[in-house]
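A.B. asks: Quick one: the structure is below, questions incoming.
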Amino acid sequence: MKRIAVFTSGGDAPGMNACIRAVVRGAVYHGIEVFGVRRGYSGMINGDIFQMSSYSVSNIVQRGGTILKSARSKEFMTPEGRAKAFEQLQKFGIEGLVAIGGNGTFTGATIFYDEYGIPTVGAPGTIDNDLYGTDYTIGYDTAVNTALEAIDKIRDTADSHDRIFLIEVMGRDSGYIAIQSGIAGGAELVMVPEVLTPISEVVETLKAGWSRQKSSSIVVIAEGEEAGIASEIAEKIRQQVELNIDMRVTTLGHIQRGGIPTAYDRILASRLGLGALEGLMNGEKNVMAGVVNNELVYTPFRDTIRLPKPINEDLLRMVKILSV
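Oh and the sequence shown: position 5 is 5 in the UniProt record's numbering, straight run, nothing missing.
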């Protein structure tokens, strides 16, 4: 393999730049020409492809976001769009791809290989930590720490005014950010998509706190919680509580995607980027590089897409015990 390309796709995540850097510098080290694709599959279709060097990735390891930009491409979902992308890769003589992204990115890469035989090795770039085949994804640690910083600040004002705060964090299908930021932030309750939490249970937990003279409470809610988003859950709680309680809702939103990546995310991203590149060099295809029990592993895309990644039951148990 003489020429490869790297791209980022889907939602951005802190640490993506460190991953890009590892791919590019690893390729240079191994004597492989490396190209960058701007704006994911959309850029691939439009030929927004350029050669990269060690200098191209100087001073980016500490930056959030992605220097290659990211996009979601509806055109790539069509046979015509994928044909255009293949034509552009052929123009540059690109023989393999490193894809930094999540499920949607890997689904596209799988179909692309089936049609045109371009091998891809992925690096898991998503703050949700929802990909089977790796203990942690790039950006997750930073997102948890960003959410935790906000929870700590909200706890101060909640305590000052004897308020209940419902804090909504990202996680449409996964409660990983909610559960870890909730435990670290001392939340009284955490609501995640993986576990059904009746509103009556939320009310009982809050009432138990009031009976112990708790002056404030924090409930952390993943955005994909089955009972609804935080504002809807707040209204349901009000309907079941006779007291006139002072309850506020805060949605953290996209601040969790931005910011300077933590040391852990920079190191993880570098390890996975180099692992993806060297996997590609060694004949791996249609797999995601991941770290499981501190070992680099490769998991087929079809498994990362299909298999669920459940939350550790011990974490859920911890929330209940530590809120007493």
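Positions of the beta carbon are idealized from the N, C-alpha and C atoms, including for glycine.
Could you give the distance in angstroms between the alpha-carbon of Leu316 and the alpha-carbon of Ser323?
C.D. replies: Leu316 and Ser323 have their C-alpha atoms spaced approximately 11 Å apart.
A.B. asks: Mapping DSSP to helix, strand and coil, what is Gly65?
C.D. replies: coil
A.B. asks: Based on Cα-Cα distance, which residue from Val34, Ile118, Gln239 and Thr137 lies nearest to Arg21?
C.D. replies: Val34
A.B. asks: Assuming Leu131 contacts Gly102 under a Cβ cut-off of 8 Å, what Cβ separation, rounded to an integer in Å, is found between them?
C.D. replies: Contact flag correct, Cβ pair sits at about 6 Å.
A.B. asks: Just to confirm the assignment, what range does the beta strand (DSSP E) spanning Met191 have?
C.D. replies: Leu189 to Met191
A.B. asks: Between which two residues does the alpha helix (DSSP H) carrying Arg3 extend?
C.D. replies: Per DSSP, Arg3 belongs to no alpha helix (DSSP H); it is in the beta strand (DSSP E), Arg3 to Thr8.
A.B. asks: Does any CB atom of chain B fall closer than 9 Å to the CB of Pro310?
C.D. replies: This model lacks chain B altogether, as it is built from one protein chain only.
A.B. asks: Can you give me the Cβ contacts of Ile260 inside the same chain, cut-off strictly under 8 Å, excluding the 5 residues immediately before and after it?
C.D. replies: These residues qualify, in order along the chain: Pro14, Gln62, Arg63, Gly64 and Thr142.
A.B. asks: Which ranges would you report for the beta strand (DSSP E) in the region 181-248 if only whole runs of at least 3 residues count?
C.D. replies: 189-191 and 217-222
A.B. asks: Is Asn129 buried or exposed, if buried means 16 or more other CB atoms sit within 10 Å of its CB?
C.D. replies: buried
A.B. asks: Helix, strand or coil for Leu166, going by three-state DSSP, please let me know.
C.D. replies: Here Leu166 sits in strand by DSSP.
A.B. asks: What do you reckon, are the CB atoms on Pro193 and Glu226 nearer than 9 Å?
C.D. replies: It is a contact, given that the beta carbons lie within the stated cut-off.
A.B. asks: How do the region 227-238 and the region 151-170 stand: do at least 3 beta-carbon pairs fall below 8 Å, yes or no?
C.D. replies: yes
A.B. asks: Please name the residue in Thr137, Asn282, Glu201 and Ile229 whose C-alpha comes closest to that of Arg266.
C.D. replies: Thr137
A.B. asks: When the distance is taken between beta carbons, is Val37 closer than 9 Å to Gly31?
C.D. replies: Their beta carbons are not under 9 Å apart, which means Gly31 does not touch Val37 by this criterion.
A.B. asks: Pull up the distance between the alpha-carbon of Thr250 and that of Val220, whole angstroms please.
C.D. replies: 10 Å
A.B. asks: Given Ala187, which residues of its chain have a CB within under 6 Å of its CB, disregarding the five upstream and five downstream residues?
C.D. replies: Ile218 and Val220
A.B. asks: Kindly give me the distance between the Cβ atoms of Gly122 and Met288, rounded to whole angstroms, as I take these residues to be in contact under 8 Å.
C.D. replies: 4 Å
A.B. asks: Could you have a look at Val57 and say whether DSSP puts it in helix, strand or coil?
C.D. replies: helix
A.B. asks: If you draw a straight line from the alpha carbon of Thr304 to that of Gly133, how long is it in whole angstroms?
C.D. replies: For the pair Thr304 and Gly133, the Cα-to-Cα distance works out to about 6 Å.
A.B. asks: What does the Cβ neighbour count give for residue 348, buried or exposed, with the cut at 16 atoms within 10 Å?
C.D. replies: As displayed, the chain neither begins before 1 nor continues past 324, which places residue 348 out of reach and without an answer.
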